[in-house]
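Under my numbering, residues 822 to 939 are what the sequence shown spells out, in order.
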Amino acid sequence: MITAGLAQLLPLDAERKSECRLRQEFLGLAAQNPQLTSTARDREMVLLRQVETAITNGKECGEVAPDHDAVASATTILTVCHGIMIRSGLGIGPDLAPLESAIDMVFDGSCSRSIPAR
Numbered sequence: 822m823i824t825a826g827l828a829q830l831l832p833l834d835a836e837r838k839s840e841c842r843l844r845q846e847f848l849g850l851a852a853q854n855p856q857l858t859s860t861a862r863d864r865e866m867v868l869l870r871q872v873e874t875a876i877t878n879g880k881e882c883g884e885v886a887p888d889h890d891a892v893a894s895a896t897t898i899l900t901v902c903h904g905i906m907i908r909s910g911l912g913i914g915p916d917l918a919p920l921e922s923a924i925d926m927v928f929d930g931s932c933s934r935s936i937p938a939r
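Here it is in structure tokens:
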């Protein structure tokens, strides 16, 4: 589920390619403008908290080890996602394998709330 959510940030189709280009242009402008920097930072923190919440929820159902550092893992996962977006803008990829790998390192258990397959 987290992979599907983060994939929305990646240029996997024409619409998301346009959105990624716009986001990269915005981040470039934000590097030069303190108001835009603040907006970009705020949005990044919202994304970080969403991924952190997913990891914390994973701890509650057994997908994530109870002692796992949710903040560090959320930061790592988002960093990989952003890296894929940047590389895609350069014509490399997008390749979801690194994102899936980063997520799999965190979500390495089975959810105790899962409904058995029939």
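C-beta atoms are modelled at their ideal positions from N, C-alpha and C, and glycine is treated no differently.
Since we're looking at a predicted model, the values are computed, not measured.
Assignment of G849 by DSSP, reduced to helix, strand and coil, places it in the helix class. In this structure, the alpha-carbon of M906 lies about 13 Å from that of I898.
DSSP places I913 outside any alpha helix (DSSP H), giving it a letter other than H or E. Between Q845 and G904, the beta carbon gap of about 12 Å keeps them out of contact (Cβ cut-off 8 Å). E873 counts as buried, since at least 16 other C-beta atoms from the protein chains shown sit within 10 angstroms of its C-beta. Under the DSSP assignment, P887 falls outside any alpha helix (DSSP H); it carries neither an H nor an E label.
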